[in-house]
Amino acid sequence: MTATRLLVLGAMRAFEQAHGYQVRRELLGWGVQHWANVKPGSVYHALRQLAKAGMVHSAGVEGSNEGPERVLYEFTEQGEEEFFRLLRTALSDGDAKPEFFSAGITFMPTLDRRTVVSLLRFRLARLETSHAELVEWTEGEGIAGKPAHIWELFQWWRYDMQADCDFTRDMLRRVEGGAYELADDVAVPFGKGPGSGGGGP
(Lines of atoms letter the chains of each structure in order from A and count residues from 1; the text may use other names and numbers.)
(Lines give C-alpha, C1' and ligand atoms only; values in the text may rest on other atoms or scores of the structure.)
Protein backbone atom coordinates (compact mmCIF):
# COMPACT_ATOMS: atom_id res chain seq x y z
CA MET A 1 0.00 0.00 0.00
CA THR A 2 2.89 2.37 0.73
CA ALA A 3 4.27 2.08 -2.81
CA THR A 4 0.77 2.49 -4.25
CA ARG A 5 0.19 5.56 -2.10
CA LEU A 6 3.42 7.18 -3.30
CA LEU A 7 2.68 6.36 -6.94
CA VAL A 8 -0.88 7.69 -6.79
CA LEU A 9 0.29 10.87 -5.07
CA GLY A 10 3.00 11.31 -7.69
CA ALA A 11 0.52 10.92 -10.53
CA MET A 12 -1.95 13.30 -8.89
CA ARG A 13 0.86 15.80 -8.35
CA ALA A 14 1.56 15.78 -12.08
CA PHE A 15 -2.10 16.06 -13.09
CA GLU A 16 -3.09 18.49 -10.30
CA GLN A 17 -6.70 17.52 -11.11
CA ALA A 18 -7.74 14.06 -12.29
CA HIS A 19 -10.34 11.37 -11.84
CA GLY A 20 -9.52 7.84 -10.79
CA TYR A 21 -9.59 6.41 -14.30
CA GLN A 22 -6.98 8.92 -15.49
CA VAL A 23 -4.67 8.07 -12.60
CA ARG A 24 -5.17 4.33 -13.15
CA ARG A 25 -4.50 4.62 -16.90
CA GLU A 26 -1.37 6.71 -16.30
CA LEU A 27 0.08 4.32 -13.73
CA LEU A 28 -0.70 1.20 -15.75
CA GLY A 29 1.01 2.93 -18.67
CA TRP A 30 4.14 2.99 -16.50
CA GLY A 31 3.80 -0.77 -15.96
CA VAL A 32 3.38 -0.46 -12.18
CA GLN A 33 1.34 -3.66 -12.14
CA HIS A 34 4.58 -5.47 -13.02
CA TRP A 35 7.33 -3.71 -11.04
CA ALA A 36 5.38 -2.28 -8.09
CA ASN A 37 2.72 -4.98 -7.70
CA VAL A 38 -0.05 -2.37 -8.02
CA LYS A 39 -3.44 -3.86 -8.76
CA PRO A 40 -5.76 -1.63 -10.85
CA GLY A 41 -8.47 -1.59 -8.17
CA SER A 42 -5.99 -0.45 -5.53
CA VAL A 43 -5.60 2.89 -7.32
CA TYR A 44 -9.23 3.79 -6.64
CA HIS A 45 -8.94 2.58 -3.04
CA ALA A 46 -5.81 4.69 -2.53
CA LEU A 47 -7.55 7.78 -3.91
CA ARG A 48 -10.46 7.31 -1.52
CA GLN A 49 -8.08 6.92 1.42
CA LEU A 50 -6.10 9.98 0.35
CA ALA A 51 -9.33 11.96 0.11
CA LYS A 52 -10.26 10.94 3.66
CA ALA A 53 -6.85 12.13 4.84
CA GLY A 54 -7.16 15.47 3.03
CA MET A 55 -4.30 14.78 0.61
CA VAL A 56 -6.65 15.10 -2.34
CA HIS A 57 -10.15 16.48 -2.31
CA SER A 58 -13.19 16.32 -4.57
CA ALA A 59 -13.30 19.11 -7.13
CA GLY A 60 -16.65 18.03 -8.59
CA VAL A 61 -17.73 15.35 -11.03
CA GLU A 62 -17.15 14.78 -14.72
CA GLY A 63 -19.61 13.23 -17.13
CA SER A 64 -18.51 10.15 -19.04
CA ASN A 65 -19.70 8.50 -22.25
CA GLU A 66 -18.35 5.21 -20.93
CA GLY A 67 -20.36 4.96 -17.71
CA PRO A 68 -21.40 6.89 -14.61
CA GLU A 69 -20.04 10.29 -13.66
CA ARG A 70 -16.52 10.33 -12.27
CA VAL A 71 -15.28 12.14 -9.19
CA LEU A 72 -12.65 14.72 -10.08
CA TYR A 73 -9.90 14.87 -7.45
CA GLU A 74 -7.56 17.79 -6.80
CA PHE A 75 -4.09 17.57 -5.25
CA THR A 76 -3.65 19.45 -1.95
CA GLU A 77 -0.84 20.92 0.13
CA GLN A 78 -1.15 17.99 2.54
CA GLY A 79 -0.73 15.69 -0.44
CA GLU A 80 2.45 17.50 -1.41
CA GLU A 81 3.85 17.06 2.11
CA GLU A 82 2.94 13.37 2.19
CA PHE A 83 4.41 12.80 -1.27
CA PHE A 84 7.81 14.13 -0.22
CA ARG A 85 7.69 12.34 3.15
CA LEU A 86 7.08 9.00 1.43
CA LEU A 87 9.63 9.74 -1.28
CA ARG A 88 12.39 10.49 1.21
CA THR A 89 11.54 7.32 3.14
CA ALA A 90 11.52 5.22 -0.03
CA LEU A 91 15.02 6.36 -0.98
CA SER A 92 16.59 6.23 2.48
CA ASP A 93 15.08 3.19 4.21
CA GLY A 94 17.36 0.19 3.87
CA ASP A 95 14.45 -2.05 4.83
CA ALA A 96 12.11 -0.66 2.16
CA LYS A 97 10.40 -3.27 0.01
CA PRO A 98 11.62 -3.39 -3.61
CA GLU A 99 8.40 -1.90 -4.99
CA PHE A 100 8.63 1.06 -2.58
CA PHE A 101 12.27 1.72 -3.47
CA SER A 102 11.30 1.41 -7.16
CA ALA A 103 8.62 4.07 -6.69
CA GLY A 104 11.21 6.24 -4.97
CA ILE A 105 13.62 5.95 -7.90
CA THR A 106 10.77 6.85 -10.28
CA PHE A 107 10.19 10.18 -8.54
CA MET A 108 13.82 10.86 -7.58
CA PRO A 109 14.10 13.80 -10.05
CA THR A 110 11.63 15.81 -7.94
CA LEU A 111 14.42 16.21 -5.34
CA ASP A 112 17.60 18.24 -5.57
CA ARG A 113 20.93 16.43 -5.91
CA ARG A 114 22.18 17.15 -2.40
CA THR A 115 19.03 15.64 -0.92
CA VAL A 116 19.19 12.52 -3.09
CA VAL A 117 22.86 12.00 -2.20
CA SER A 118 22.09 12.39 1.51
CA LEU A 119 19.19 9.91 1.34
CA LEU A 120 21.19 7.32 -0.58
CA ARG A 121 24.12 7.64 1.81
CA PHE A 122 21.76 6.97 4.70
CA ARG A 123 20.28 3.96 2.89
CA LEU A 124 23.74 2.57 2.16
CA ALA A 125 24.87 2.97 5.77
CA ARG A 126 21.76 1.12 6.99
CA LEU A 127 22.26 -1.66 4.45
CA GLU A 128 25.94 -2.10 5.28
CA THR A 129 25.19 -2.27 9.01
CA SER A 130 22.41 -4.81 8.45
CA HIS A 131 24.65 -6.89 6.18
CA ALA A 132 27.46 -6.97 8.74
CA GLU A 133 25.00 -8.02 11.45
CA LEU A 134 23.57 -10.73 9.18
CA VAL A 135 27.02 -12.12 8.38
CA GLU A 136 27.92 -12.25 12.07
CA TRP A 137 24.64 -13.95 12.99
CA THR A 138 24.71 -16.54 10.18
CA GLU A 139 28.29 -17.51 11.02
CA GLY A 140 27.57 -17.79 14.75
CA GLU A 141 24.42 -18.45 16.73
CA GLY A 142 22.22 -18.40 13.63
CA ILE A 143 23.70 -21.59 12.17
CA ALA A 144 24.20 -23.39 15.49
CA GLY A 145 22.10 -26.55 15.63
CA LYS A 146 20.59 -26.03 12.16
CA PRO A 147 20.52 -28.70 9.43
CA ALA A 148 23.51 -28.37 7.10
CA HIS A 149 21.44 -27.32 4.08
CA ILE A 150 20.17 -24.19 5.91
CA TRP A 151 23.61 -22.74 5.17
CA GLU A 152 22.35 -22.22 1.59
CA LEU A 153 19.41 -20.17 2.85
CA PHE A 154 21.74 -17.98 4.85
CA GLN A 155 24.00 -17.54 1.82
CA TRP A 156 21.02 -16.43 -0.25
CA TRP A 157 20.12 -13.79 2.36
CA ARG A 158 23.71 -12.56 2.43
CA TYR A 159 24.11 -12.42 -1.35
CA ASP A 160 20.77 -10.64 -1.71
CA MET A 161 21.67 -7.98 0.85
CA GLN A 162 25.18 -7.61 -0.60
CA ALA A 163 23.61 -6.96 -4.01
CA ASP A 164 21.47 -4.23 -2.44
CA CYS A 165 24.59 -2.65 -0.95
CA ASP A 166 26.48 -2.84 -4.24
CA PHE A 167 23.64 -1.35 -6.26
CA THR A 168 23.05 1.50 -3.82
CA ARG A 169 26.78 2.27 -3.71
CA ASP A 170 26.95 2.39 -7.51
CA MET A 171 23.78 4.47 -7.79
CA LEU A 172 25.12 6.91 -5.21
CA ARG A 173 28.36 7.24 -7.16
CA ARG A 174 26.45 8.01 -10.35
CA VAL A 175 24.25 10.64 -8.70
CA GLU A 176 27.26 12.24 -6.99
CA GLY A 177 28.94 12.34 -10.40
CA GLY A 178 26.14 14.42 -11.90
CA ALA A 179 24.04 11.74 -13.59
CA TYR A 180 20.38 12.49 -14.34
CA GLU A 181 18.49 15.78 -14.34
CA LEU A 182 17.34 16.47 -10.80
CA ALA A 183 15.22 19.28 -9.38
CA ASP A 184 18.05 21.79 -9.16
CA ASP A 185 19.16 21.11 -12.75
CA VAL A 186 15.97 22.17 -14.57
CA ALA A 187 13.71 25.22 -14.72
CA VAL A 188 10.45 23.22 -14.54
CA PRO A 189 10.41 20.68 -11.68
CA PHE A 190 9.92 17.08 -12.76
CA GLY A 191 6.38 15.76 -12.32
CA LYS A 192 4.88 19.04 -11.10
CA GLY A 193 1.77 20.05 -12.99
CA PRO A 194 0.75 19.56 -16.64
CA GLY A 195 3.60 19.67 -19.13
CA SER A 196 6.26 18.88 -16.55
CA GLY A 197 7.33 15.63 -18.11
CA GLY A 198 5.18 13.21 -16.14
CA GLY A 199 6.68 10.81 -13.70
CA GLY A 200 6.69 7.28 -15.04
CA PRO A 201 9.37 5.15 -16.60
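The numbering of the sequence shown is this note's numbering, which starts it at 2 and goes up by one.
From the three backbone atoms N, C-alpha and C, an ideal C-beta is built for every residue, glycine too.
Owing to the predicted nature of the structure, the values given are computational and were not obtained by experimental measurement.
Practice problem: Please determine if the region 118–127 and the region 84–96 are in contact, where contact requires at least 3 C-beta pairs separated by less than 8 Å. | Solution: yes
Quiz item: DSSP state of Leu112, grouped into three classes?
Solution: Against the sequence shown, residue 112 aligns to sequence position 111. If DSSP states are grouped into helix, strand and coil, Leu112 belongs with coil.
Exercise. Measure the alpha-carbon distance for Ala12 versus Leu183 and round it to whole angstroms.
Key: What you label residue 12 is simply residue 11 of the sequence shown in a count that begins at 1. What you label residue 183 is simply residue 182 of the sequence shown in a count that begins at 1. Going by the C-alpha atoms only, they are around 18 Å apart.
Self-check item: Cβ pair count under 8 Å reaching 3, the region 105–115 against the region 39–51
Solution: no
Self-check item: First and last residue of the uninterrupted beta strand (DSSP E) at Phe76
Solution: Indexing the sequence shown from 1 puts residue 76 at position 75. Taken as a continuous stretch (DSSP letters only), the beta strand (DSSP E) holding Phe76 covers 71–76.
Quiz item: Where does Gly196 land, buried or exposed, given buried means 16+ other C-beta within 10 angstroms?
Solution: Numbered from its first residue, the sequence shown carries residue 196 at position 195. Because Gly196 carries a pLDDT of 45, less than 50, the predicted location of this residue cannot be relied on, and the following value inherits that uncertainty. With fewer than 16 other Cβ atoms within 10 Å, it is exposed.
Quiz prompt | Enclosing alpha helix (DSSP H) for Val24 [first to last residue] | solution = In the sequence shown, counting from the first residue as 1, residue 24 sits at position 23. Here the alpha helix (DSSP H) through Val24 covers 21–30.
Exercise. Taking all protein chains shown into account, decide if Val189 is buried (16 or more other Cβ within 10 angstroms of its Cβ) or exposed.
Key: By one-based count along the sequence shown, residue 189 stands at place 188. Val189 should be labelled exposed.
Quiz item: What are the boundary residues of the alpha helix (DSSP H) that includes His35?
Solution: Numbered from its first residue, the sequence shown carries residue 35 at position 34. His35 -> alpha helix (DSSP H) spans 33–36.
Practice problem: Look at the alpha carbon of Arg6 and the alpha carbon of Leu73, and state the distance between them as a whole number of angstroms. | Solution: Position 5 of the sequence shown holds residue 6. Position 72 of the sequence shown holds residue 73. Roughly 18 Å between the two C-alpha positions.
Practice problem: List the DSSP bridge partners of Ser59. | Solution: What you label residue 59 is simply residue 58 of the sequence shown in a count that begins at 1. Answer is Tyr74, bridged to Ser59.
Practice problem: Could you tell me which residues DSSP pairs with Gln18 in its beta bridges? | Solution: For the purposes of this step, residue 18 is taken as residue 17 along the sequence shown, with counting starting at 1. Paired residues: Glu75.
Quiz item: Is Val39 helix, strand or coil by DSSP?
Solution: To locate residue 39, count along the sequence shown from 1; it is residue 38. Val39 falls in the coil class under three-state DSSP.
Exercise. List in chain order: all unbroken alpha helix (DSSP H) runs of 4+ residues lying wholly within the region 145–186.
Key: 151–177
Quiz item: Which residues in the same chain have their Cβ closer than 7 Å to the Cβ of Leu29, if we skip the five residues on either side of it in sequence?
Solution: Residue mapping note: residue 29 aligns to position 28 of the sequence shown, counting from 1. Closer than 7 Å at Cβ, skipping near neighbours: Pro41.
Quiz item: With C-beta atoms as the reference, is Glu83 less than 7 Å away from Met56?
Solution: Taking the first residue of the sequence shown as 1, we reach residue 83 at position 82. Taking the first residue of the sequence shown as 1, we reach residue 56 at position 55. Yes. Within cutoff.
Quiz prompt | Endpoints, alpha helix (DSSP H) assigned at Phe101 | solution = Taking the first residue of the sequence shown as position 1, residue 101 is located at position 100. Here the alpha helix (DSSP H) through Phe101 covers 99–107.
Quiz item: For the 8 Å Cβ check, are there 3 or more pairs between the region 101–110 and the region 138–148?
Solution: no
Quiz item: Roughly how many angstroms lie between the CA atoms of Met2 and Gln50, to the nearest whole one?
Solution: Residue mapping note: residue 2 aligns to position 1 of the sequence shown, counting from 1. Residue mapping note: residue 50 aligns to position 49 of the sequence shown, counting from 1. If I take the Cα positions, the gap works out to 11 Å.
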